[in-house]
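If you read the sequences in order, they're chains A, B and C. Using my numbering, you'd call the opening residue of the first sequence number 14 and step up by one each time. Using my numbering, you'd call the opening residue of the second sequence number 350 and step up by one each time. Using my numbering, you'd call the opening residue of the third sequence number 2 and step up by one each time. Right, one structure below, let's go through it.
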Amino acid sequence: MQQKKSLWKRLTGSREASLVLILVALLIVVTILSGGTFLTPSNISQIFRNNALTMLMALGMLCVLLTAGIDISITSILAFSGMTIGLLQKYDILRNTFLLFLIAALIGTGCGLLNGLIISKGKVAPIICTMGGMYIWRGLAYVISNNNWASGADVSGFSDFGKDGSIGPYIILIIAYVVFFIVMKWTTFGRRIYAVGSNAEAAEVSGINVDRIITLVYMIMGLLAGLSGALSVSIYASAQPNMQYGKEMDVIAACVIGGVSMNGGRGSVVGTFLGALFYAIVAKALPLIGLESIWQNLIKGIIVLAVVLLNVLTQRAMDRANLERREL
Amino acid sequence: MKRKVVSTMLCAAMAAGLLAGCGSSSSSSAASSSSAASSASAASSSGSAETTETAASSASEAVKSGSTAAAGTADASGHTYAIVTKSAGNPYNEREASGFQDTIEALGGTCIVQNPEQATADAQISVINSLISQKVDSIAVAANDANALSAVLQQAMDAGIKVMTLDSDVEASSRMVFCNQAGVKEVGQALIDAVYDITGGEGEYAILSATSQATNQNSWIDAMKSIAESDDKYSKLVLDEVAYGDDEPQKSTDQTQALLQKYPNLKVICSPTTVGISAAAKVLQDQNSSVKLTGLGLPSEMKEYIGDDDSHSCPYMFLWNPIDLGKLAAYTSVALVSGQITGAEGDTFDAGDMENSPYTVTTNTDGATEIILGPPYKFDSSNIDEWAEVY
Amino acid sequence: MAGKSGREINAVPQSSVKQKILSWEGGLVIIFIAVLILGAAISPTYNFSSVFREMPKYLCEIFMMFAMGYILIIAEIDISVGAIVCLAATLGCFAGNAGVPLAGVIAVCIGTGFLAGCLNGVILTHFTELPSMIVTLGTQIIFRGIAEVSLGSGGSVSMSNSKMIMPLATMVGPFPLVFFFVAIAAVIFIFVLSRTTFGRKLYAVGSNHTAAHYAGIPVQKIRMICFVLIGTMAGVCALFYLSTTFGANTTTGQGYEMDVIAMCVFGGIATTGGKGNLIGATIAGFTIVCLRIALGQRNINTQLILVIIGLLLIVSVLIPRISEVLGNRKRRAAQS
C-alpha cells in the first residue's frame, strides 16, 4: 500500500509535520514583529528554562490523556512537594540537592499513587478525583507553609542547580523526553498505555491489567509533578504555596495543541514536545513584540483556540485523504 | 440493603469530616472560641464596659475641645477585633497580622485573624460576611479591590461594626479611616529619587508591577509619573514601559527578560512589589547584568541581592515595617471601638510605644481620611542583614 | 463495569417511601441536617438570619449549578462559566454607569451570558471532534481576556449608581430576594429534567450519544441548547453578583466553575454522563453553602475549608463503589 507521497501531502498528512509548519509560521511572525531579535541563543535557552515545568509535566499528562483520563491536581502536587523541600531548607534540615529532588519526587509519586488507586480501584472519574486532590494538596501546601515563603538566601545552594546558565534543567528535560520517547514507542508498557486508552475493555480481555496501568500512569504523572516542584523552587529560587496556581490548564492545552486526544489512545511524545514548545514560544513572544500587557491574555486565548481548531481541520483533511486513497 | 449502607457510610464520612474540622479549628483559631466566651462576659458585665466607654468619650471630647495632649491608649478588653489580610500564604500579610494580633492581645482584647483563600475580593467578601455574623466590634481589612468590597463593608457599618482599612484602601465612604503604610506621594518620591540616583540623573528605566489592577502599585506608579513630569530635574529620565508580572515568579521572570531584551539602553528597573522585585533581582544577578534594580521588597526575601558592588543587582530598596503597620491598625481599631476617634480629620490617639505616637488623622489629596505610619524605610547593604531577621 | 454499554439510565422515578429515604438524596438530606446541627453546635452566631444574610453571594453560583447539572448529564463540561460571569458583570457594570436603566443592565448581563454560551455551543457543534473541556478552556481565557481589556489598566469597575441595582439585593422578610429566584429556577430545572421528553433526551445523549443519534434525538441541537443555557445562567449569576458587590474586577468569578462542578458531583451527578438528578444537586449545593458558612463563622483556616471540601468530594464518590464491593462480598458469602 505504501506509495510515494508528494512532499505537500506528507507535510499535511502527519499531525506532527503540520504542527511544525504552524510553529515555523509562528516563529517567522514573531521574528518579524520583534525586529529580528527573537531567535538568539539566550532567548532559546530562556524559552526552555522558563517553561521547563510545563514541558516536563506535559509528558505525564500525555500518558494520563492517552488512558482517556485527566489530572488537574498536578500544580497542587507541585506546590505541596515544592513547599516541602523549600521548608526543609528554610529550617536547615536538609541541604543536599540530590536528596531534595528525591524527596520531592517521592512526595509527588505518593500523591500520584493515591490518585491512581482511587481512580482505578475506586472507579472514580479522573476529573473528580483529581479535583478533590487539587483542593487537598494545595490546601496542605498552605497549611505547612504557615504563611511563610522559602526564598533567596534560604535556598541559595539548591537554586544553583536551576540558575540561569546552569545546565541542570535542560539535562532533566532531555533525559525525560528521551526516556519517554523510547518507552512510549518501543516498550510493551508504552504500547499497553495506548491499548488501555484506545479500548479499555478490549485491553482487559487481551490480558492487560488495566487497573495497574492506570495506577502507574497517575504515579508517573505525580512523579513528574513532584520533580517539577523541586525544579520550580530551583529555577525561581522561591517556594510559595500559590506557585503555578491554575497552570494545570496550560499543561493540558499544550498536550491538546500537540495533537493528544482527550478521548484517549492518540498522541505522541514528539507531538507533546511540539505542543509544549508552541505554548512556550507564545508565552515568551507576547511580552517581546510590544503588545500592551492587558491584551496578552486575550491574544493567548485566541491563539490557543485557533490552533486547536486548526488541528481538527487538518485531522479532517487527513481522514478525507485517507478515504480517497482507499477508494482509488 | 445497598442504599442503607450508602447512607450510613455517608453519615460516617460526614462525621469524620466534622471531626477533622473541629480538631483543626482548636489549634488554628483558638482565639475564636474564647471570643464567644468573652463577648458573653462583656454582655453580663456591661457596667465595666460602660465606664471604659464614658472615659474614652470624655477623652475624645478633650481632644476635640482643642487640647493638644494625646489621649491615653484605650482598654481593649471585652471586645473582639478582626483583621482580614489580602490572602493566605504570604509572609508580608503574616507579619502584618502578627503585629495586629500581638497588640490587641497585649491590650486585653480578643483578636480574629482571617487570611482569605485567594488574593481576590470574592474571597474577602465571604470572610467579612462571616465576621459580620459573629458581631465583632471592628474589622480591619487590606482590600484586594477598591470597589468590590464597598457593599459588604457598608453592611458591616450598618451593623454597628467599626470598619477601617490598612495597606490598601477602598472607597472613602465605605470605611471610617485608612491606615496608610506611607503617603502615596512619599513612596512615589522615594522611588523616582532612587531611579534618578541609580541612573545618574539620566537614562531609561522601566517598571515591573504586580497585576494591572493592584490598587497600591497603580497609585505609586501614577505618583512617580506625575512627580517626574512636574519637576524638570527628572526630565532626562525616560520611562520605557510598565510591565505586569502578576505577582507570579514565572511571569515576572519572563517580563524582566523581555524588558532587558526590548530596551538595550535600559539602566534601571523599578519594581514596587515583593514578588516582582525578587524575581527581577534573580534574573539580573544570574545574568550579571549591568541593569540595576530598586523598588519595594521584603528584606528577608531580598537579602541575597542587596549590595553595593557589581555582583549584587539591587543597591537599595524601600519598605515600611509591616509589623508596625499591623500594630498601628490595632491601636486604630481599639480607638475606633472605644469611641476615642471617629475617623474624622484631626482626631488624635495614642499608639503605645510606637515611634511616631500619637498619631493624627489627616486628609489626603482625594479628600479621604488616613493615618500615615511614616516615611518608607531604606534598606541597603549596611542594614539588610539586621532587618532580614525581623521580616 | 466502566464500559459505555453497562451504563444504566437512572431516571426512572422510584415509588416506595422507604427507598426514597435510603436513596442518595435521602442520604444528602441527612447530611444537610447534620451540617445545620454542626453549624449551630460550633458557632453561637449560626442561626436562621445570619445564614440567610451570608447566603446571597453563594446563591449566585447555584443558578449555574442547575445548568451545569444538564451539561454533566449529557457528558460534557464547561469550565468557562467563571469567565463568563466576569465578562457579563463587567459589561453590565459599564452599561449601568453609562446611564442605562435597571432593565437594560439585566438585559446586558443575561445577553452577554447568552452570547458567550452561543459561542461555546457553535464551536462545539461544528467541531464535534473536540472535547468540551479544551474548547471551554480556550474560550475561558478569551472571555476573561475581553473583560481585562475592557477594564483597562485599573482592572476594576464599580457601579456609580449602586441604588439602581439595590432592588435585586433586598430582603423579603428574612429571605434575600435572590433566594426566591433560585427556588423558581430549581423548580423549573428539576421539572424539565425529570418530567419532560427534553429531560429524558438529556439522559439518552449522556448515556450513549451515538445510540441517541440513531434513535432520532437531535444530539447537536441538545448540546447547543445546554451550552446556551449555562451561558445564560452565568449571566443571571453575574447580575446577582453585581447586586451583592456593586462592582466587578478581573478576578470576579475565579474558581466558580470548580465550585459548581463540585456541588453537582456531590449531589450524585456523574461527570461521565447519564446519571444523577438535580434534586440531589440542589440539596448538595445548599449543604456545601451551609458548611462553608458554618466553618467560616468558626474562623477555620480558609485553606483548610478547601481541604475538607476536597475530602468530602472524593469520599462521596467513593462510597457507592465501596458499598458495591461490600455488597458483592456479602452476596458471595451468602451464596457459599
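Think of the CB as a built atom: it goes at the ideal place given N, C-alpha and C, for glycine as much as any other residue. All values derive from a computational prediction rather than experimental measurement.
Query                                                                                                                    : Result
Exposure of threonine 253 of chain C, with buried meaning 16 or more beta-carbon neighbours within 10 Å                  : buried
Sequence-distant residues of its chain with Cβ nearer than 8 Å to arginine 225 of chain A (five each side left out)      : Ser133
Chain C contact residues for leucine 153 of chain A, given Cβ-Cβ distances below 7 Å                                     : Val308
Chain B within 8 Å of valine 206 of chain C, Cβ atoms only                                                               : no
C-beta neighbour in chain B for valine 266 of chain C, strict 8 Å                                                        : no
Lysine 582 of chain B, DSSP secondary structure in three states                                                          : helix
9 Å Cβ cut-off: residues of chain B touching isoleucine 294 of chain C                                                   : Ser475, Asn478, Ser479, Ser482
Glutamine 610 of chain B versus lysine 585 of chain B: straight-line alpha-carbon distance, rounded                      : 22 Å
9 Å Cβ cut-off: residues of chain B touching lysine 297 of chain A                                                       : Asp603, Gln606, Ala607
Every unbroken beta strand (DSSP E) inside the region 658-728 of chain B [3 residues or more]                            : 666-668, 718-721, 726-728
Sequence-distant residues of its chain with Cβ nearer than 7 Å to phenylalanine 194 of chain A (five each side left out) : Val282
Closest by C-alpha distance to lysine 3 of chain A, when choosing among A:Ala296, A:Gly152, A:Gly280, A:Lys136           : Absent from the model: residue 3 of chain A. The displayed extent of chain A is 14 to 341, so no value can be given.
Endpoints, beta strand (DSSP E) assigned at serine 558 of chain B                                                        : 552-558
Simplified DSSP assignment, three categories, for methionine 69 of chain C                                               : helix
Assigned secondary structure, arginine 260 of chain A (DSSP; H/G/I helix, E/B strand, else coil)                         : Reading the sequence as shown, one finds lysine at residue 260 of chain A and not arginine. The answer is coil: DSSP assigns lysine 260 of chain A none of H, G, I, E or B.
Three-state class that DSSP yields for serine 163 of chain C in the structure shown                                      : helix
The region 56-69 of chain C contacting the region 221-234 of chain C, beta-carbon criterion three pairs below 8 Å        : yes
Neighbouring residues, chain B, relative to lysine 58 of chain C (Cβ below 9 Å)                                          : Asp471, Ile474, Ser475, Asn478, Val501
Close beta carbons around alanine 334 of chain C, own chain, < 6 Å, minus the five adjacent residues each side           : none
Test: isoleucine 75 of chain C CB closer than 8 Å to a CB of chain A                                                     : no
Within chain B, the residues that valine 158 of chain C reaches when beta carbons sit closer than 7 Å                    : Asn496
The region 442-461 of chain B: positions lying closer than 8 Å to chain C by Cβ                                          : Ile461
Rounded straight-line distance, which links the Cα of glycine 259 of chain A to that of alanine 572 of chain B           : 33 Å
Candidates A:Ala166, A:Gly175, A:Asp177: closest to glutamate 738 of chain B by CA position                              : A:Ala166
Cβ-based burial, threonine 322 of chain B [other Cβ within 10 Å; buried from 16]                                         : Because residue 322 of chain B is not part of the residues shown, which for chain B are 350 to 740, the question remains open.
Same chain only: Cβ atoms within 8 Å of valine 318 of chain C, ignoring 5 sequence neighbours per side                   : Val266
Exposed unless 16 or more other CB atoms sit within 10 angstroms - verdict on leucine 336 of chain A                     : exposed
Any chain C beta carbon closer than 8 Å to methionine 14 of chain A                                                      : Note that methionine 14 of chain A scores 43 on pLDDT, short of 50, meaning its location in the model is unreliable; the coordinates nonetheless yield the value given after this. It does not: the Cβ of methionine 14 of chain A has no partner Cβ on chain C nearer than 8 Å.
Inter-residue Cα distance where the pair is glycine 288 of chain A and valine 295 of chain A                             : 11 Å
Terminal residues of the alpha helix (DSSP H) in which asparagine 329 of chain C lies                                    : 303-336
At least three beta-carbon pairs within less than 8 Å, the region 38-45 of chain C to the region 283-295 of chain C      : yes
Isoleucine 78 of chain C beta carbon less than 8 Å from that of valine 352 of chain C                                    : Since the first and last residues shown for chain C are 2 and 337, residue 352 of chain C lies out of range.
Local conformation of glutamine 463 of chain B per DSSP, three classes                                                   : strand
DSSP beta-bridge partners of glycine 252 of chain C                                                                      : Per the sequence shown, residue 252 of chain C should be read as threonine rather than glycine. Answer by DSSP bridge pairing: none, since threonine 252 of chain C is not bridged.
Lysine 616 of chain B, enclosing beta strand (DSSP E) - first and last residue                                           : 615-620
Cutoff 6 Å; reference valine 106 of chain C; Cβ partners in own chain excluding five residues on either side             : Gly93, Ala96, Gly97
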